[in-house]
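Residue numbers (our numbering): 111 to 613.
Glycine included, each C-beta is placed from N, C-alpha and C at the ideal position.
Everything numeric in this text was worked out from a predicted model, so none of it was measured.
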Ligand code: MCA
Ligand code: AMP
């Protein structure tokens, strides 16, 4: 048995229909995708990859990149996808921490990745956007037949890094059971069938694009219009052939600004799903007014994949994330006592179920800190159940900014800013942004007598950090607002800079 391979990959072998449709309308059948993943699996095995080894990928979205994920499932290795925006310093940490046997990098990043891989004893392959690179060179000559490793429900399938509130990024370990139970639940909850064609414009290096969109589609034998990224013109051009779409709120706010956002172009869609960040109730209402479609909002985390969803058939309530998914328990507890609160009361949201991850890679203390004795995982989100059982995410107890669906941990950015010459200290916050939902902004205190330039700070940070983490704006202040305990009052800063990006 290989739990995820049996459910998601094996059925492809018999599929003569298109599973993936590229932007240029070229199609990849299930049979072709299965064969390609078999060839890549053989390349991985030849490079020494064994069950339980890690295989890291940092390259552009492509059919081949997806086949690499399927190949990892086949050989029983742990797939470790990484955001293409990460800079070499960030990649060095991930490769050092996860110790992958093989790293697959984009062609552009290969020169920078080579010393990192050499340093950490990983074999480097490249994968380009046009079926090129050393991985595909090797795959072309490899056999399509490759043994399938035995993998049970509790074996790990992936590691996904999520930034830490207090410093180092943590690798969330997800098992075969975690991922398959969620894919099955969501397929059922959202009525996915083999008739569905999903418009896939999300990246495949995070949970939303890979474990929600791809796993659900493969689980039911659906097809995907597989776009390299969210480009509004391409999306509007292709959506006529789709039945469903999943996106972060930025997808929907961008669609709303487009003249083609009307019932004629979007009325045929069976389902629009939103998640990864809060969808404003006004976006939900405006989308319905313009298209007649009620977006279904759901809530999840890298560590847990999806936890709750608005109903498919019942009322999709704007501003809420619906009900717990089947077999998943969600509770709201008092932050001080840990006791469960009643409906209507606001507290910390905790989750338990087959979807909840196995812990953080090589961080047993951090894992223990985030779980209660009875197995509930502390999400770091603040929530409330209403009288009808709908959950509303009110805020976060963790210091986190979500920009366009990407998480940014202020602590990581502050540490980088504080390292820069002439900086005394800094505070990083998220403020409302019309496109990204929230945008990263920094308040910086220069050392006495030093004059700093905002542009210079931003460009220095861009050398070290992925661009989406870098502040869109830097403000200089004489001192940070602090309470009597000396703690920086980020709420004050959020108020001060709330209108930075508002029209
Ligand atoms: C790009 N930029 C960003 C972001 N994306 N800045 C802040 N936040 C971002 N998310 C920068 C670019 O580097 C560029 O900088 C400038 O903004 C404009 O780029 P643009 O071309 O407009 O951006 P884009 O390529 O259109 O990307 C925006 C996007 C993308 C489509 C919203 O970020 C995206 O696909 N986000 C989805 C993230 C996602 O999948 N999250 C799921 C995580 P410059 O102009 O200076 O070069 S999984 C998760 O959260 C859990 C499990 C869950 O519940 O799903
Ligand atoms: P990540 O670490 O990328 O998995 O992000 C998970 C976090 O995204 C959650 O803990 C929430 O704070 C946030 N999130 C995801 N979906 C939603 C949603 N629908 N509404 C509000 N916040 C969300």
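Output the distance between the C-alpha atoms of residue i and residue j, rounded to the nearest integer angstrom.
| i | j | result |
| --- | --- | --- |
| residue 278 | residue 365 | 36 Å |
| residue 387 | residue 253 | 42 Å |
| residue 341 | residue 507 | 33 Å |
| residue 520 | residue 579 | 9 Å |
| residue 598 | residue 553 | 11 Å |
| residue 302 | residue 295 | 10 Å |
| residue 603 | residue 480 | 28 Å |
| residue 561 | residue 528 | 15 Å |
| residue 308 | residue 333 | 6 Å |
| residue 115 | residue 262 | 11 Å |
| residue 450 | residue 486 | 12 Å |
| residue 291 | residue 346 | 32 Å |
| residue 188 | residue 245 | 18 Å |
| residue 90 | residue 577 | Here the chain comprises residues numbered 111 to 613, so residue 90 is not present and cannot be evaluated. |
| residue 315 | residue 304 | 24 Å |
| residue 249 | residue 237 | 11 Å |
| residue 150 | residue 141 | 14 Å |
Grouping DSSP H, G and I as helix and E and B as strand, with all else coil, what is residue i?
| i | result |
| --- | --- |
| residue 285 | strand |
| residue 319 | helix |
| residue 461 | strand |
| residue 449 | coil |
| residue 559 | coil |
| residue 279 | strand |
| residue 177 | helix |
| residue 621 | The chain is shown from 111 up to 613; residue 621 falls before or after that span and cannot be answered. |
| residue 395 | helix |
| residue 616 | Outside the shown range of the chain, which is 111 to 613, sits residue 616, and nothing can be said about it. |
| residue 302 | coil |
| residue 616 | No statement about residue 616 is possible, as the shown extent of the chain runs from 111 to 613 and does not include it. |
| residue 132 | coil |
| residue 161 | coil |
| residue 350 | helix |
Give a single yes or no on whether residue i has its beta carbon closer than 7 Å to a heavy atom of the ligand MCA.
| i | result |
| --- | --- |
| residue 353 | no |
| residue 513 | yes |
| residue 358 | yes |
| residue 402 | no |
| residue 386 | yes |
| residue 410 | yes |
| residue 281 | no |
| residue 340 | yes |
Report all residues from its chain with a CB closer than 7 Å to the CB of residue i; omit the five preceding and five following residues, and keep chain order.
| i | result |
| --- | --- |
| residue 328 | 118 |
| residue 336 | 130, 131, 132, 173, 310 |
| residue 526 | 571, 574, 575 |
| residue 208 | 164, 166, 190, 269, 281, 471 |
| residue 255 | 148 |
| residue 299 | 419, 422, 435 |
So, using beta-carbon positions, are residue i and residue j closer together than 8 Å?
| i | j | result |
| --- | --- | --- |
| residue 226 | residue 198 | yes |
| residue 430 | residue 500 | yes |
| residue 468 | residue 320 | no |
| residue 511 | residue 550 | yes |
| residue 417 | residue 434 | yes |
| residue 144 | residue 123 | yes |
| residue 555 | residue 590 | yes |
| residue 215 | residue 234 | yes |
| residue 360 | residue 515 | yes |
| residue 384 | residue 357 | yes |
| residue 460 | residue 482 | yes |
| residue 424 | residue 407 | no |
| residue 522 | residue 536 | no |
Beta-carbon within less than 6 Å of residue i's beta-carbon, same chain only, minus the 5 sequence neighbours each way: which residues are those?
| i | result |
| --- | --- |
| residue 202 | 226 |
| residue 412 | 270, 272, 282, 317 |
| residue 230 | 205, 206 |
| residue 380 | 353, 354 |
| residue 614 | What is shown of the chain runs 111 to 613, which leaves residue 614 out entirely. |
| residue 161 | 186, 259 |
| residue 146 | 177 |
Does the Cβ of residue i lie closer than 7 Å to at least one heavy atom of the ligand AMP?
| i | result |
| --- | --- |
| residue 517 | yes |
| residue 470 | no |
| residue 328 | no |
| residue 391 | no |
| residue 303 | no |
| residue 576 | no |
| residue 431 | yes |
| residue 491 | yes |
Within 8 Å of any Cβ in chain D, is that where the Cβ of residue i sits?
| i | result |
| --- | --- |
| residue 300 | Looking for chain D here will not work: only one protein chain is present. |
Among residues of its own chain, excluding the 5 on either side of residue i, which ones have a beta-carbon nearer than 8 Å to its beta-carbon?
| i | result |
| --- | --- |
| residue 448 | 482 |
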